[in-house]
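So for the sequence shown, my numbering puts the first residue at 7; every next one is plus one. Here is the structure we will look at.
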Amino acid sequence: MTDSAPRRARVRAPELIGKGGWLNTGDQQYTLADLRGRIVVLDFWTFCCINCLHVLDELRELEEKHRDTLVVIGVHSPKFVHEAEHQAVVDAVERYGVAHPVLDDPELATWKQYAVRAWPTLVVIDPEGYVVAQHAGEGHAHAIERLVEELEAEHEAKGTLRRGDGPYVPPEPEPTTLRFPGKALLLPSGNFLVSDTTRHQLVELAGDAETALRRFGTGTRGFADGGPDQASFNEPQGLALLDDGSVVVADTVNHALRRLDLATGEVTTLAGTGRQWWQGSATSGPAREVDLSSPWDVAVFGGKVWIAMAGVHQLWTYDPDAGTVAVAAGTTNEGLVDGPGAEAWFAQPSGLAATADRLWLADSETSALRWVDTDGQVHTAVGTGLFDFGHRDGAAAQALFQHPLGVTALPDGSVAVADTYNHALRRYDPATGEVTTLATDLREPSDAVLVGEDIVVVESARHRLTRLRLPEEAVRVESVAHRTRRAATEVAPGRLRLDVIFQAPAGQKLDTRYGPSTRLLVSATPPELLLKGEGADTDLSRELELNPAVSEGVLHVSAMAASCDDDPANEYPACHVHQQDWGVPLRLTEGGTDRLPLVLAGMDEQ
């Protein structure tokens with residue numbers, strides 16, 4: 007650093023505390039003192055959150071490139087009750103190929119110490135143990151790499167940088183036929199095709215749902231077309247049969263749709279570029295030229311392949327005849343809003359099932375079962391929003407799921423729901439408006455397929471398909487209701503200053519070539535909480551007015567900022583989009599704060 011460079015704020019990093027202990031360290035427990043001399047990036051994540059999974063993928067290259075100076079530590083901070091279970095975190099670390107130490111923090115102790123407000127949040131700690139940067143959301147890997155390079159040079163010169171192997175110890179691989187399978191498809195032959203997600207393959211099982219007959223894909227992360235031994239996938243999920251007898255595959259982490267020819271085993275790419283969709287990217291066009299974002303499931307409805315685009319909270323369609331893709335429903339805002347497709351809000355749609363007149367969908371982050379009619383209108387059958395979940399049967403208006411990932415149409419017009427975090431298979435009957443439980447003691451079921459009078463469930467965390475007889479009488483379970491357990495921020499009624507903090511990374515500036523480079527969208531649940539300040543604008547700070555008659559609620563804040571390399575000599579500078587959605591629980595209290603800072607990138611200096 008030169009003498010003229012501004013000094014960074016010096017904030018001592020709080021200790022890393024987590025009741026669940028450390029994973030991926032060979033049973034070694036660590037403190038920050040043990041990591042002194044290394045650059046540490048804390049990744050506050052939870053395994054339900056698609057943006058958190060995007061950040062895991064963004065960090066892989068950075069970890070590899072700076073492996074002798076940089077230690078990434080995942081701090082697992084649960085949203086759902088199921089995510090506070092230690093075994094569930096162990097499973098998720100393997101499922102998503104997390105190749106760094108993870109601290110299991112079920113009580114959010116470290117989350118609170120670092121005043122984190124959003125999943126995901128990245129915090130950078132320098133080799134002397136000081137916090138030097140914080141970033142919320144995804145799209146920050148380039149900025150963190152720049153900072154890591156600066157810190158390497160600075161602390162090499164000071165003699166405070168310690169190089170060498172990090173604390174990561176990989177777990178022993180398990181010899182199961184499937185490893186965290188995602189979705190399944192009944193083939194015309196009576197066999198099953200299963201997305202073997204963690205092994206990056208598709209597997210054809212015999213009719214017994216156990217014997218592996220064929221595998222498609224190399225088994226390592228990649229994006230290559232070709233025969234069954236040359237093609238590669240990256241955490242594939244959803245599967246659907248096309249009219250020509252081939253299978254369309256949601257290749258989730260490749261942000262692509264692939265086609266499997268069952269006769270030859272040949273894999274080709276139907277849609278996607280391999281790049282992740284960002285705000286400003288095309289929302290329709292030739293399928294191979296448009297970016298997608300974490301497609302999680304696919305289903306044929308109304309002559310098109312519908313795509314649960316979990317990464318941007320939308321539904322898209324792929325037209326096999328025209329070879330095009332387009333947005334069909336959703337605004338990219340995360341939440342639960344019904345109505346015309348263009349106005350609806352979703353939250354990580356992850357499971358699809360089509361009937362003649364309805365496209366059913368499991369909307370995982372709102373723990374909801376929803377459907378689209380033939381006119382493109384979006385409806386909610388069960389579920390109320392981002393923060394209410396549980397296991398409760400009965401009338402749909404008060405029934406609860408917990409992060410469902412799959413939905414299956416049943417012959418009588420009802421639907422089975424793979425209620426993933428409740429380890430249950432549930433049923434919703436539109437004729438009666440009732441929710442019942444079909445089966446319990448499943449382990450993270452993520453999909454199910456109908457086979458005659460049986461239903462075959464993808465028991466993802468038991469690494470198998472499980473055949474159940476559809477019961478005539480539903481299983482009885484004790485009702486449990488939960489709300490997300492984050493402490494509410496106490497704010498004063500009346501005026502509240504909302505400041506989204508964004509500092510362009512070193513060597514970059516805000517991209518104003520095509521107009522304002524920032525966007526802020528604010529809403530509230532219930533809507534009456536906000537008397538003033540709702541809606542979209544380009545300023546990242548806003549004066550809100552909170553209704554004193556509403557004692558508590560959730561403030562929904564969505565922020566975006568675009569920055570480009572600040573090099574006048576470069577006619578085409580590299581540009582980056584930084585983006586995050588927050589749901590901030592508020593409690594109105596006399597004497598509460600009148601300012602709410604949310605860090606998108608940088609440090610809050612006030």
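Glycine is no exception: its CB is placed at the ideal position from the N, C-alpha and C atoms.
- Counting only the Cα atoms, Gln119 lies some 46 Å from Ala360.
- Proximity of the segment 141-157 to the segment 51-68 meets the contact definition, three or more beta-carbon pairs being nearer than 8 Å.
- Cβ neighbours of Ser529 within its own chain (closer than 6 Å, five residues either side excluded): Glu540 and His562.
- Around the beta carbon of Glu210, a 10 Å sphere encloses 16 or more other beta carbons of the protein chains shown; the residue is thus reported as buried.
- Beta-carbon to beta-carbon, Met315 and Pro301 are separated by about 6 Å, close enough to satisfy the 8 Å threshold.
- Secondary structure of Ile150 (DSSP, three-state): helix.
- Residue Gly336 holds the alpha-carbon nearest to the alpha-carbon of Gln354 among Asp363, Glu70, Leu365 and Gly336.
- With contact defined as three or more Cβ pairs closer than 8 Å, the segment 248-265 and the segment 277-296 are in contact.
- Exposed is the label assigned to Tyr578, since fewer than 16 other Cβ atoms lie within 10 Å of its Cβ.
- Excluding residues up to 5 positions away in sequence, Ile507 and Pro603 lie with their Cβ nearer than 6 Å to the Cβ of Asp610 in the same chain.
- Rounded to whole angstroms, Phe229 and Thr166 show a C-alpha spacing of 40 Å.
- The C-beta distance from Leu76 to Val47 rounds to 7 Å, short enough to meet the 8 Å contact threshold.
- Beta-bridge annotation (DSSP): Gln282 is paired with Leu298.
- Within the DSSP bridge table, the entry for His429 names no partner.
- Nearest in C-alpha terms to Arg227, of all of Ala218, Arg221, Glu241 and Leu219, is Glu241.
- Burial state of Pro84 is buried, judged by a 10 Å Cβ sphere holding 16 or more other Cβ atoms.
- Each of Gln140, Gly172, Glu151 and Glu134 was checked against the Cα of His161, and the nearest Cα belongs to Glu134.
- Residue range Ile56 to Lys71 is occupied by the alpha helix (DSSP H) that includes Asp63.
- No Cβ-Cβ contact shorter than 8 Å links Ala98 with Phe50.
- Per the DSSP secondary-structure output, Phe222 pairs in a beta bridge with Leu208.
- Under the DSSP definition of a beta bridge, Phe198 partners with Leu192 and Leu211.
- Contact check for Pro107 and Tyr36: beta-carbon distance about 7 Å, within the 8 Å limit, so the pair qualifies.
- Closest in alpha carbon position to Gly382, among Phe307, Ser299 and Tyr434, is Phe307.
- In the DSSP assignment, Trp351 falls outside any beta strand (DSSP E), carrying neither H nor E.
- In this structure, Ala405 sits near Arg398, with a CB-CB distance shorter than 8 Å.
- By the neighbour-count criterion, in which a residue is buried when 16 or more other Cβ atoms sit within 10 angstroms of its Cβ, Lys310 is buried.
- In its own chain, leaving out the 5 sequence neighbours on each side, no residue places its CB closer than 7 Å to the CB of Ala163.
- Ser452 is the residue among Ala415, Ser452 and Ala575 whose C-alpha sits nearest the C-alpha of Ala430.
- According to DSSP, residue pairing for Glu496 in a beta bridge involves Arg593.
- Here Thr599 is exposed: its Cβ has fewer than 16 other Cβ atoms, across all protein chains shown, within 10 Å.
- Taking a contact as a CB-CB distance under 8 Å, the pair Phe86 and His409 counts as one, their CB atoms being some 5 Å apart.
- For Glu100, the enclosing alpha helix (DSSP H) stretches over residues His92 to Arg101.
- Around the Cβ of Thr372, a 10 Å sphere holds 16 or more other Cβ atoms; the residue is buried.
- For Trp322, there is no enclosing alpha helix (DSSP H); the residue is part of the beta strand (DSSP E) that begins and ends at Gln320 to Asp325.
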